[in-house]
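Visitor: Counted from 1, the sequence shown has number 133 at position 133 by the UniProt record's numbering; the numbering is strictly sequential. Submitted below is the structure of interest, expressed as structure tokens.
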Amino acid sequence: MPNRVRTIDRPALAQRHTCERWPQNALRIVLSSTPLEVRRALEQVLGDLSPLDLNESERGIVELVLAEVLNNVVEHAYDENGSGEIKIAVLQGDRRLFCCVTDRGRPMPGLVVPVGQAAELDVPTNELPEGGFGWLLIRELTRDLRYTRTDNENRLTFSLDLVGFAEGD
Numbered sequence: 001m002p003n004r005v006r007t008i009d010r011p012a013l014a015q016r017h018t019c020e021r022w023p024q025n026a027l028r029i030v031l032s033s034t035p036l037e038v039r040r041a042l043e044q045v046l047g048d049l050s051p052l053d054l055n056e057s058e059r060g061i062v063e064l065v066l067a068e069v070l071n072n073v074v075e076h077a078y079d080e081n082g083s084g085e086i087k088i089a090v091l092q093g094d095r096r097l098f099c100c101v102t103d104r105g106r107p108m109p110g111l112v113v114p115v116g117q118a119a120e121l122d123v124p125t126n127e128l129p130e131g132g133f134g135w136l137l138i139r140e141l142t143r144d145l146r147y148t149r150t151d152n153e154n155r156l157t158f159s160l161d162l163v164g165f166a167e168g169d
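Laid out in structure tokens, this is it:
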């Protein structure tokens, strides 16, 4: 399988331009807003990234962050009814992956990325809070996390380091 992830030499290029202006051979996936389509898209992304020889930790971080982002779109922007379209773009930079996720669902509350919340986990299972952990994880594991809403389109961009996860950097 050919490497479908385009490498760029200047990471600022990925941040400066919208993902529509990224090179045409950047990895691009379009999916319907259903949990099954999210699983399929994650498999495709990880498969297309296989030529990068990511270590287990890096693969896990990529999968976790994209799963949290995509599931939030499915659950909150489109209500899991499959009525919407989600677009993913991934571009390889120097030791980073730049990611862009767009949809035309409902906007994020207050037009900002949720903070996420740490919770007390030393409580009985039935008292554990539901929700809020995903955004905390996303914020902890990404760099350059940005959200915009323009012309009824949500756009979330972020980057993921390709080295250092195992060392705790």
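From the three backbone atoms N, C-alpha and C, an ideal C-beta is built for every residue, glycine too.
Taking the straight line between their C-alpha atoms, what separation do you get for K87 and L64?
Guide: Spanning the two alpha carbons is a distance of roughly 17 Å.
Visitor: Using only alpha-carbon positions, find the residue among L141, N72, I61 and G134 that is nearest to R155.
Guide: It is N72 whose Cα lies nearest to the Cα of R155.
Visitor: Grouping DSSP H, G and I as helix and E and B as strand, with all else coil, what is N145?
Guide: Note on residue identity: the sequence assigns Leu, not Asn, to residue 145. L145: strand per DSSP, three-state reduction.
Visitor: In the DSSP assignment, the alpha helix (DSSP H) including R39 goes from what residue to what residue?
Guide: Segment P35 to D48, the alpha helix (DSSP H) holding R39.
Visitor: Can you give me the Cβ contacts of P11 inside the same chain, cut-off strictly under 8 Å, excluding the 5 residues immediately before and after it?
Guide: At P11, the pLDDT of 47 sits below 50, so the modelled position is not reliable and the matter cannot be decided from this model.
Visitor: Excluding the 5 residues flanking V62 on each side, which residues of the same chain have their C-beta closer than 8 Å to its C-beta?
Guide: These residues qualify, in order along the chain: V45, L46, L49, L54, L97 and L160.
Visitor: Three-state secondary structure (DSSP) at S32?
Guide: Residue state, collapsed to three classes: strand.
Visitor: Verify whether the separation of the beta carbon atoms of E68 and L137 is less than 8 Å.
Guide: Contact flag set, yes.
Visitor: Where does L13 fall in DSSP's three states?
Guide: Low confidence applies to L13: its pLDDT is 48, below 50, so where it sits in the model is not reliable, and the reading given next is rough at best. Three-state DSSP puts L13 in a helix.
Visitor: Can you name the start and end residues of the beta strand (DSSP E) that N154 belongs to?
Guide: Unbroken beta strand (DSSP E) run through N154: E153 to D161.
Visitor: So what does DSSP say about A26, is it helix, strand or coil?
Guide: In this structure, A26 counts as coil in the three-state DSSP scheme.
Visitor: For L70 versus V101, is the C-beta spacing smaller than 8 Å?
Guide: Yes, the pair counts as a contact, with Cβ atoms nearer than the cut-off.
Visitor: In the DSSP assignment, the beta strand (DSSP E) including L97 goes from what residue to what residue?
Guide: Taken as a continuous stretch (DSSP letters only), the beta strand (DSSP E) holding L97 covers R96 to D103.
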